[in-house]
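Residue numbers (the numbering used here), protein chains in the order written: chain A, 16 to 261; chain B, 16 to 261.
Glycine residues also receive a C-beta, built at the ideal position from the N, C-alpha and C atoms.
Please read all numbers here as calculations on a predicted model, not as lab measurements.
All remarks here apply to the structure that follows.
2 protein chains.
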Amino acid sequence: MDASSASAPSTSEARPRRAGYRRLPVEQRREQLIAVALELFAARAPEEVGLDDVAEAAGASRPLVYRYFAGGKQQLYEAALRSAAEELTSRFTVPLTGTPTAQLAAVLDRYFAFVAEHDAGYAALLRGGSVVETAGTSAIVDEVRRAALKRTLRHLGVREAGARLTLLVRSWIAVVEGASLTWLDGDRTVPVTELRDWLVDQFVAMAAATALGDPQTAEVLAGLLALEGPDDSRAARLRALLAPDA
Amino acid sequence: MDASSASAPSTSEARPRRAGYRRLPVEQRREQLIAVALELFAARAPEEVGLDDVAEAAGASRPLVYRYFAGGKQQLYEAALRSAAEELTSRFTVPLTGTPTAQLAAVLDRYFAFVAEHDAGYAALLRGGSVVETAGTSAIVDEVRRAALKRTLRHLGVREAGARLTLLVRSWIAVVEGASLTWLDGDRTVPVTELRDWLVDQFVAMAAATALGDPQTAEVLAGLLALEGPDDSRAARLRALLAPDA
Numbered sequence: 016m017d018a019s020s021a022s023a024p025s026t027s028e029a030r031p032r033r034a035g036y037r038r039l040p041v042e043q044r045r046e047q048l049i050a051v052a053l054e055l056f057a058a059r060a061p062e063e064v065g066l067d068d069v070a071e072a073a074g075a076s077r078p079l080v081y082r083y084f085a086g087g088k089q090q091l092y093e094a095a096l097r098s099a100a101e102e103l104t105s106r107f108t109v110p111l112t113g114t115p116t117a118q119l120a121a122v123l124d125r126y127f128a129f130v131a132e133h134d135a136g137y138a139a140l141l142r143g144g145s146v147v148e149t150a151g152t153s154a155i156v157d158e159v160r161r162a163a164l165k166r167t168l169r170h171l172g173v174r175e176a177g178a179r180l181t182l183l184v185r186s187w188i189a190v191v192e193g194a195s196l197t198w199l200d201g202d203r204t205v206p207v208t209e210l211r212d213w214l215v216d217q218f219v220a221m222a223a224a225t226a227l228g229d230p231q232t233a234e235v236l237a238g239l240l241a242l243e244g245p246d247d248s249r250a251a252r253l254r255a256l257l258a259p260d261a
Numbered sequence: 016m017d018a019s020s021a022s023a024p025s026t027s028e029a030r031p032r033r034a035g036y037r038r039l040p041v042e043q044r045r046e047q048l049i050a051v052a053l054e055l056f057a058a059r060a061p062e063e064v065g066l067d068d069v070a071e072a073a074g075a076s077r078p079l080v081y082r083y084f085a086g087g088k089q090q091l092y093e094a095a096l097r098s099a100a101e102e103l104t105s106r107f108t109v110p111l112t113g114t115p116t117a118q119l120a121a122v123l124d125r126y127f128a129f130v131a132e133h134d135a136g137y138a139a140l141l142r143g144g145s146v147v148e149t150a151g152t153s154a155i156v157d158e159v160r161r162a163a164l165k166r167t168l169r170h171l172g173v174r175e176a177g178a179r180l181t182l183l184v185r186s187w188i189a190v191v192e193g194a195s196l197t198w199l200d201g202d203r204t205v206p207v208t209e210l211r212d213w214l215v216d217q218f219v220a221m222a223a224a225t226a227l228g229d230p231q232t233a234e235v236l237a238g239l240l241a242l243e244g245p246d247d248s249r250a251a252r253l254r255a256l257l258a259p260d261a
């Protein structure tokens, strides 16, 4: 990065060098640059996005971008990532009505919409080995995972999760992430609605396997299945598949 | 890295600068440096391992290390990682006798032994955001995952896996990885033998949930459960937990 000497953003912008640059208030410009960067980083791998691309798409000059993000592309990437992480975390809110699995399905729908919107950038981030990946970006991703864990446990009505229940929920979150990457990677052979139902079933099945050895998970699972109501045939079909003569 | 001009290893070594340096044949020295590096990278995060540490632990000089690894620490790290990946992949071999779940358990035991041996380095690698992480190191990790996928499918007697069965096995491998990280992270609250049994149960449960919507997985699961024999009580207990009045 060659512009680390750029000064912090001031309340007025540099004189536009080319006609067509628009003056924007500081906070608005900052947000605009982050939004534009997020759009570019979502569409392409971080390696393929340059600071000039961001400047051009924002209708700004390169020095102006550096005035807001003295750390250059890396800082802009982290700001965009933080903004995306906040948006994703806000989607974890569970709807107030419906059975537990219907609520889980609704959250997953929102999650997959986010994944589709952030496509290439999301894949590059989770896949690792990217040039912009640092301890800082990993920390942001981990924060989102922790938020997902916390929200899921709260959804299950758990105050203090033991090691096994925590492992279950963390593992399921890893399965959700992996499934979304497979979905992006492939030709999207498996429709997203099927993938969402599959993940709900995985949660129930993984909880059952954990409940085998953990009373806390057994209690959570029993409560969840009781709320599903008598017309839930999926648990019954799961049982049938585990029968030795299936 | 300041020694990129170092020449390739020749058949004789540089004259030892300090008493105590041992002369070793080229290939043996190369392997020794990799083994020493692997040991250091296993015990600490990559950030905390310097080339001098490797040289000292190998009883070699810094210039000698550069003669073998002109790319310095990054190249040495990748060579050590590749060596570890080969070792891990070799552990995926499934024993010839036992029920399918017993065979799976045996492979998991070998995997956890590997994880324990490579402790901090394994965690740093899989957690991401490390300074030595590149597209190259990610590719090595992905290669191991692909080998695990291939080996598991072969173990299940599958020649051509459809999208859903592939997703199942990939997801389970992600759960195995995540579980091993949780195990390393925590105070190892959950004993490794319990963790291994939990992962075997997860495989059966996740396969059952996938079989709900995929005939190929249903066939594989039925074959697997048939081989478990009549004294397998775990599938029966899983069924009971999925009963609505459990």
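Within-7 Å CB hit, residue i to chain A
i, result
"D68 of chain B", "no"
"T197 of chain B", "yes"
"R252 of chain B", "yes"
"A120 of chain B", "no"
"L171 of chain B", "no"
"V190 of chain B", "yes"
"T204 of chain B", "yes"
"L193 of chain B", "The sequence as given places Gly at residue 193 of chain B; Leu does not occur at that position. G193 of chain B counts as touching chain A."
"S186 of chain B", "yes"
"L39 of chain B", "no"
"L227 of chain B", "yes"
"A261 of chain B", "Confidence in A261 of chain B is poor, its pLDDT being 38 and thus under 50, which makes the residue's placement unreliable; the coordinate value appears in the next sentence. Answer yes: the Cβ-Cβ gap between A261 of chain B and chain A drops below 7 Å somewhere."
"A131 of chain B", "no"
Residue i versus residue j - alpha carbon distance
i, j, result
"W213 of chain A", "A94 of chain B", "39 Å"
"D124 of chain B", "A70 of chain A", "53 Å"
"I188 of chain B", "T181 of chain B", "11 Å"
"S195 of chain A", "A73 of chain B", "44 Å"
"D202 of chain A", "E54 of chain A", "22 Å"
"V146 of chain B", "D67 of chain A", "26 Å"
"I155 of chain A", "G193 of chain B", "18 Å"
"E63 of chain A", "T225 of chain B", "37 Å"
"A34 of chain A", "Y81 of chain B", "Confidence in A34 of chain A is poor, its pLDDT being 48 and thus under 50, which makes the residue's placement unreliable; the coordinate value appears in the next sentence. Between A34 of chain A and Y81 of chain B, the C-alpha separation is close to 53 Å."
"A150 of chain B", "E102 of chain B", "21 Å"
"S153 of chain A", "E148 of chain B", "12 Å"
"F218 of chain A", "H133 of chain A", "25 Å"
"A75 of chain A", "S98 of chain A", "20 Å"
"F129 of chain B", "L199 of chain B", "12 Å"
"E42 of chain B", "V159 of chain B", "25 Å"
"L91 of chain A", "D229 of chain A", "45 Å"
"D157 of chain B", "L141 of chain A", "13 Å"
"R249 of chain B", "Y126 of chain B", "23 Å"
"L96 of chain B", "G87 of chain B", "14 Å"
"G113 of chain B", "L227 of chain A", "22 Å"
"A85 of chain B", "R45 of chain B", "12 Å"
"G65 of chain B", "L79 of chain B", "14 Å"
"A237 of chain A", "A251 of chain A", "14 Å"
Rounded Cβ spacing between residue i and residue j (contact assumed at less than 8 Å)
i, j, result
"V190 of chain B", "V190 of chain A", "6 Å"
"A58 of chain A", "A121 of chain A", "About 27 Å separates the two Cβ atoms, so there is no contact after all."
"A223 of chain A", "L253 of chain B", "5 Å"
"V235 of chain B", "L171 of chain B", "5 Å"
"V205 of chain A", "R179 of chain B", "6 Å"
Test item: CB-CB of residue i and residue j under 7 Å
i, j, result
"V184 of chain B", "L164 of chain B", "yes"
"G177 of chain B", "Q231 of chain B", "yes"
"A233 of chain B", "M221 of chain A", "no"
"A52 of chain B", "A139 of chain B", "no"
"P115 of chain A", "L239 of chain A", "yes"
"A50 of chain B", "T104 of chain B", "no"
"L48 of chain A", "Y83 of chain A", "yes"
"F107 of chain B", "R169 of chain B", "no"
Short CB-CB distance (under 7 Å) between residue i and chain B
i, result
"L182 of chain A", "yes"
"Q3 of chain A", "This structure does not reach residue 3 of chain A, given that chain A is present from 16 up to 261, and the question cannot be answered."
"A94 of chain A", "no"
"A100 of chain A", "no"
"A60 of chain A", "no"
"A223 of chain A", "yes"
"A138 of chain A", "no"
"A117 of chain A", "no"
"A220 of chain A", "yes"
"A178 of chain A", "yes"
Check: residue i C-beta below 6 Å from any heavy atom of the ligand ATP
i, result
"R38 of chain A", "Of ligands this structure carries none, so the ligand ATP is not represented either."
Report the start-end ranges of each alpha helix (DSSP H) in the segment 213 to 248 of chain B that is 4 residues or longer and not cut off at the edges. Qualifying alpha helix (DSSP H) stretches, in chain order: 230 to 243.
Give the list of continuous alpha helix (DSSP H) stretches no shorter than 4 residues that lie fully inside the segment 123 to 180 of chain B. Taking only runs of at least 4 residues, the alpha helix (DSSP H) segments lying wholly in the segment 123 to 180 of chain B are 150 to 170.
Length-filtered (4 minimum) alpha helix (DSSP H) runs lying within the segment 77 to 108 of chain A: Within the segment 77 to 108 of chain A, the complete alpha helix (DSSP H) runs of at least 4 residues are 77 to 83 and 87 to 105.
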